[in-house]
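Everything below concerns the one structure shown next.
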């Protein structure tokens with residue numbers, strides 16, 4: 001059997017699929033907030049506030065649903081770091097699309113968000129998933145790092 005196939009590959013594909021679903025919900029939340037805020041403030045301020053609100057929702061959706069791990073205060077504190085790259089990629093993209101490409105400032109955030117997706121997946125996985133999760137099935141159990149991947153009572 002080739003490396004990367006079988007149950008581990010199916011689990012990874014399911015995780016990527018869940019990440020995509022969360023990303024869709026998160027993008028919708030972000031865009032809805034952005035459109036609600038846009039009439040009341042400059043586009044970049046509306047973008048930044050909508051980004052912050054959707055990031056909080058993204059943290060909980062990704063911990064419970066995507067990676068099936070328990071949220072902790074440490075992860076919550078570190079999660080914004082996972083979004084720094086995302087924010088920078090999206091911000092530069094937004095600015096370039098609006099200022100240099102002349103794109104409508106109501107649509108440009110969606111285009112910039114699509115470009116940032118691969119970066120967000122890799123970084124969020126690094127922060128939210130224990131390093132040895134899924135590597136050694138015999139190491140899971142109470143007290144192990146992989147035990148953290150078990151559904152919590154809130155999931």
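In the UniProt record's numbering, the protein residues as written are 1 to 155.
Positions of the beta carbon are idealized from the N, C-alpha and C atoms, including for glycine.
Under 8 Å, do residue i and residue j count as touching if we go by C-beta distance?
| i | j | result |
| --- | --- | --- |
| residue 58 | residue 33 | no |
| residue 62 | residue 128 | yes |
| residue 72 | residue 124 | no |
| residue 87 | residue 19 | no |
| residue 38 | residue 106 | yes |
| residue 85 | residue 119 | yes |
| residue 31 | residue 130 | no |
Just to check my reading of the structure: residue i and residue j have Cβ atoms closer than 8 Å, yes? What is that Cβ distance to the nearest angstrom?
| i | j | result |
| --- | --- | --- |
| residue 24 | residue 117 | With a Cβ gap of about 10 Å, residue 24 and residue 117 do not count as contacting. |
| residue 89 | residue 111 | In fact, because the Cβ distance is near 12 Å, the residues do not count as touching under 8 Å. |
The segment 32 to 52 contacting the segment 64 to 79, beta-carbon criterion three pairs below 8 Å: Touching, no.
At least three beta-carbon pairs within less than 8 Å, the segment 12 to 21 to the segment 91 to 99: no
Completely contained alpha helix (DSSP H) runs for the segment 75 to 137, where each covers 4 or more residues: 108 to 128
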